[in-house]
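One line per chain: the protein sequences are Z and C, in this order. Residue numbers for the first sequence follow the working numbering, beginning at 4 and rising by one. Residue numbers for the second sequence follow the working numbering, beginning at 4 and rising by one. Report on the structure given below.
Number of protein chains: 2
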Amino acid sequence: MADIDIREVGPRDGLQIEAPLPVDARVRLIEALLDAGLHHIEVGSFVSPQAVPAMADTGAVVAALGPRAGVRMVALVPNRKGAELATDAGLTDLSVTVSASPAYNEKNVGMSILESIAQVAQIVSIGPASVDAVVSCAFGSPDEGDIAPTVVAALADRLLDAGATSLTYADTTGMATPRRVDDLLAETGPAVGLHFHETRGTGLVNAYAALLAGVRRFDTSIGGLGGSPFADGAAGNLATEDLVHLLDDLGRSTGVDLDRLLAASELAASLVGHSVPSRVAAAGPRLPLPSRSRLA
Amino acid sequence: MADIDIREVGPRDGLQIEAPLPVDARVRLIEALLDAGLHHIEVGSFVSPQAVPAMADTGAVVAALGPRAGVRMVALVPNRKGAELATDAGLTDLSVTVSASPAYNEKNVGMSILESIAQVAQIVSIGPASVDAVVSCAFGSPDEGDIAPTVVAALADRLLDAGATSLTYADTTGMATPRRVDDLLAETGPAVGLHFHETRGTGLVNAYAALLAGVRRFDTSIGGLGGSPFADGAAGNLATEDLVHLLDDLGRSTGVDLDRLLAASELAASLVGHSVPSRVAAAGPRLPLPSRSRLA
């Protein structure tokens with residue numbers, strides 16, 4: 004049993020801002036991630052293909068993958084209709100994003116925060132196995148600046164009241180810092196997921212601060228792909244390989260094989276057609292042992 | 004009085020691998036760094052201009068700057084001759100690098116570690132005000148792999164015996180991790196300087212781990228310029244602006260003004276003719292207040 008639960012969001016958060024990939028390429032990437040030992044994967048979203056063309060055909064991706072024992076496949080859905088499509092595709096673990104920033108929520112999903120909370124209740128009403136509510140801009144936004152941890156925690160309470168089964172706090176625009184991670188966790192406790200970006204190079208240090216505070220669930224993206232299409236300069240999720248590299252050295256188990264993960268990262272780079280931001284992907288692990296397959 | 008002592012090494016460690024800049028450009032950069040509030044600066048080195056062309060004419064840089072009250076200007080010297088040249092130029096605060104890796108030391112200065120320790124004694128013998136011994140590859144090297152903290156600390160003791168007045172541990176090839184920082188500091192105590200690289204994206208998290216352990220002195224390079232010319236893929240010192248951005252948010256005083264520092268970073272990028280690796284330089288501070296001069 005892994006000590007740290009890594010939810011790989013590359014196939015959704017990473018790919019959504021890239022040029023659309025064919026279904027078989029998306030399947031190949033997910034297969035490579037599964038092969039690396041990632042068993043909690045956000046495989047796509049059920050959103051408007053006009054709004055996010057790269058996430059069209061997520062149902063076909065899920066169908067091609069088929070059911071996998073011991074693997075938790077998650078779909079991001081914005082509303083009840085998306086949840087129904089995900090359920091039709093066979094997925095019962097859902098995620099939904101609600102922003103702590105009114106302005107960002109309006110830009111991202113065209114709704115007020117209250118309307119988004121109502122959508123969470125609608126999603127819950129169709130009976131999925133789990134609904135993870137992702138609170139975006141949980142560490143501030145360019146529109147509102149800092150957002151107080153008490154305000155973020157109050158929103159989270161509303162989301163739990165609406166039936167969300169877990170919470171993830173996302174640093175959508177790269178404004179989190181170790182101090183602000185500590186401040187938010189003082190309000191929420193450590194039984195949450197955290198989702199960091201490297202916009203200002205703080206993704207890994209924020210994850211480390213959270214680890215010290217007892218957090219055991221993180222969202223990461225293969226290669227560090229991703230970022231928000233609605234937030235300037237926000238590109239770059241915390242890279243899965245950068246976090247696994249750190250956790251391996253700390254002796255924290257993830258169930259992930261770093262060498263296979265780096266192979267998946269190379270595949271991701273070749274599929275999107277550009278290098279990935281991850282520094283571990285670029286430089287290799289700190290100790291490139293002869294036994295590592297990538298050096299063979 | 005600043006709580007954290009930042010030694011800016013950009014004019015030496017940052018520029019040494021770049022195409023040589025004229026003396027007046029090096030002086031302009033140092034002036035901009037001083038203007039940002041950095042008052043401990045490695046201004047250059049006195050090494051063979053054949054080996055490191057970009058560090059030729061450091062004496063002329065020092066002469067153009069003149070003496071500055073309250074500013075500590077440091078020169079890197081490899082041996083007694085370099086120390087004499089630095090002293091002739093008016094500098095009495097010196098730094099010298101000795102590697103914990105025999106192979107790296109041979110590549111870097113063409114000497115065994117014992118010969119390098121003897122050079123430190125020679126440098127000390129001419130009577131400088133201070134000699135900071137920088138232990139490179141203090142967290143491992145590609146040649147030897149991990150290097151035990153006890154071995155690193157034993158070398159440090161030899162350097163103090165030779166007359167070094169302070170110690171800095173450098174992660175020359177980006178192999179440090181928070182765990183290994185903790186392990187080394189358990190041997191050395193926190194009254195040391197640390198010098199990190201972003202080779203694997205761990206520079207900032209290592210600095211944070213060191214802060215938590217009580218370390219108050221760091222080497223950083225404006226823009227994250229630099230890295231070792233003798234270590235593949237080791238480019239990228241911890242960027243001064245990335246550390247100051249973190250320290251500001253933690254409420255730790257540095258004496259550095261972040262806006263002026265970002266102006267110095269822009270100058271550095273224009274002088275070297277390429278963008279700098281710093282993510283804060285690219286994305287701007289987490290809260291771009293209207294009062295910030297760079298947005299005016």
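Positions of the beta carbon are idealized from the N, C-alpha and C atoms, including for glycine. Computed from a predicted structure; not experimentally measured.
Between the beta-carbon of Z:A35 and the beta-carbon of Z:A267, is there less than 8 angstroms? In this structure, Z:A35 places its C-beta atom within 8 angstroms of the C-beta atom of Z:A267.
Rounded C-alpha distance that separates C:R182 from C:A210: Using only the alpha carbons, I get a separation of about 12 angstroms.
Roughly how many angstroms separate the alpha carbons of C:R203 and C:G62, rounded to a whole number? Here the alpha carbon of C:R203 sits roughly 35 angstroms from the alpha carbon of C:G62.
Going by C-alpha to C-alpha distance, which of Z:V99, Z:S115 and Z:I120 sits closest to Z:P105? When only C-alpha atoms are compared, the closest one is Z:S115.
Exposed or buried, what is C:D222 when buried is set at 16 or more other beta-carbons lying within 10 Å of its beta-carbon? Its Cβ being crowded by 16 or more others within 10 Å, C:D222 is buried.
Under the DSSP definition of a beta bridge, which residues are partnered with Z:V77? DSSP output for Z:V77 lists Z:E45 and Z:D96 as bridge partner(s).
Beta-carbon separation of Z:V99 and Z:V55 under 8 angstroms? Cβ atoms of Z:V99 and Z:V55: not closer than 8 angstroms.
Closer than 8 angstroms to chain Z by CB, C:P193: Residue contact with chain Z for C:P193: absent (no Cβ-Cβ distance below 8 angstroms to any residue of chain Z).
Can you confirm whether the stretch 262–276 of chain Z touches the stretch 174–191 of chain C when touching is taken to mean that 3 or more C-beta pairs between the two stretches lie within less than 8 angstroms? Counting C-beta pairs closer than 8 angstroms gives fewer than three between the stretch 174–191 of chain C and the stretch 262–276 of chain Z, which falls short of the contact rule.
Please name the residue, chosen from C:P52, C:I7, C:L68 and C:M76, that lies closest to C:R31 on a Cα-to-Cα basis. Ranked by how close their Cα comes to the Cα of C:R31, the residues C:P52, C:I7, C:L68 and C:M76 have C:L68 in first place.
Cut-off 8 angstroms between Cβ atoms - residues of its own chain near Z:H248, not counting five sequence neighbours on either side: Within the same chain, Cβ atoms closer than 8 angstroms to the Cβ of Z:H248 are found at L261, V283, P288 and R289, the five residues on either side in sequence being excluded.
Within the stretch 161–214 of chain C, note down every full beta strand (DSSP E) run reaching 3 residues or more, in order along the chain. As far as the stretch 161–214 of chain C is concerned, its whole beta strand (DSSP E) runs of at least 3 residues are 169–173 and 196–198.
Any beta carbon of chain C sitting closer than 8 angstroms to that of Z:M58? Closer than 8 angstroms: no.
Classification of C:H277 by the beta-carbon crowding that lies within 10 angstroms, buried from 16 upward: The residue in question, C:H277, is exposed, as its Cβ has fewer than 16 Cβ neighbours within 10 Å.
Chain C partners of Z:E34, CB-CB under 9 angstroms? Within chain C, no residue comes near Z:E34; the closest Cβ sits about 26 angstroms away, beyond 9 angstroms.
Return the residues of the stretch 256–283 of chain C that lie within a Cβ-Cβ distance of less than 8 angstroms from chain Z, sorted by chain order. Flagged, chain order: S281, R282 and V283.
Please report how far the alpha carbon of C:D245 lies from the alpha carbon of Z:H200, in whole angstroms. Looking at the backbone, the Cα of C:D245 and that of Z:H200 are separated by about 15 angstroms.
Report all residues from its chain with a CB closer than 6 angstroms to the CB of Z:D96; omit the five preceding and five following residues, and keep chain order. Shown here for Z:D96: same chain residues with a beta carbon closer than 6 angstroms to its own, the five before and five after excluded, namely R75, V77, A132 and S133 in chain order.
Are the beta-carbon atoms belonging to Z:V279 and Z:A286 less than 8 angstroms from one another? Against a cut-off of 8 angstroms, the Cβ pair of Z:A286 and Z:V279 comes out as no contact.
Nearest chain C C-beta to Z:H198 closer than 8 angstroms, yes or no? It does not: the Cβ of Z:H198 has no partner Cβ on chain C nearer than 8 angstroms.
Alpha-carbon to alpha-carbon, Z:G230 and Z:P23: Each residue's Cα considered, the two are about 16 angstroms apart.
Are Z:S128 and Z:T175 close, meaning C-beta to C-beta below 8 angstroms? Contact: no.
Status (buried if at least 16 other CB within 10 Å, exposed otherwise) for C:T171: With 16 or more other Cβ atoms within 10 Å, it is buried.
Counting only the same chain and skipping the five closest in sequence on each side, list residues whose C-beta sits under 7 angstroms from that of Z:S281. Cβ neighbours of Z:S281 beyond the five flanking positions: G226, G227, A242, E244, D245 and S268.
Member of C:A59, C:E118 and C:H198 whose CA lies at the smallest distance from the CA of C:A165: With distances taken between Cα atoms, C:A165 lies closest to C:E118.
Can you give the Cα-Cα distance for Z:L41 and Z:G258, rounded to whole angstroms? The straight-line gap from Cα to Cα measures roughly 7 angstroms.
Going straight from the alpha carbon of C:L207 to that of C:T90, what length do you get? One Cα belongs to C:L207, the other to C:T90, and the distance between them is close to 34 angstroms.
Which residues in the same chain have their Cβ closer than 6 angstroms to the Cβ of C:Q122, if we skip the five residues on either side of it in sequence? These residues qualify, in order along the chain: N82.
Three-state class that DSSP yields for C:N108 in the structure shown: C:N108 sits in a helix when the DSSP states are folded into three classes.
Starting from C:I9, trace the beta strand (DSSP E) in both directions and tell me its first and last residue. Element bounds for C:I9: D8 to E11.
For C:T90, the three-state DSSP class (helix, strand or coil): C:T90: helix per DSSP, three-state reduction.
Interface residues of chain C facing Z:Y211 [CB-CB closer than 8 angstroms]: What Z:Y211 touches in chain C: P181, V208, Y211 and A212.
So the candidates are C:I7, C:A59, C:N111 and C:I44; which of them puts its Cα closest to the Cα of C:V26? That would be C:A59, whose Cα lies nearest to the Cα of C:V26.
State yes or no: is the beta carbon of Z:H42 nearer than 8 angstroms to at least one beta carbon in chain C? So, not an interface residue.
Going by other Cβ atoms of all chains shown within 10 Å of its Cβ, with 16 needed for buried, is Z:Q53 buried or exposed? Z:Q53 should be labelled exposed.
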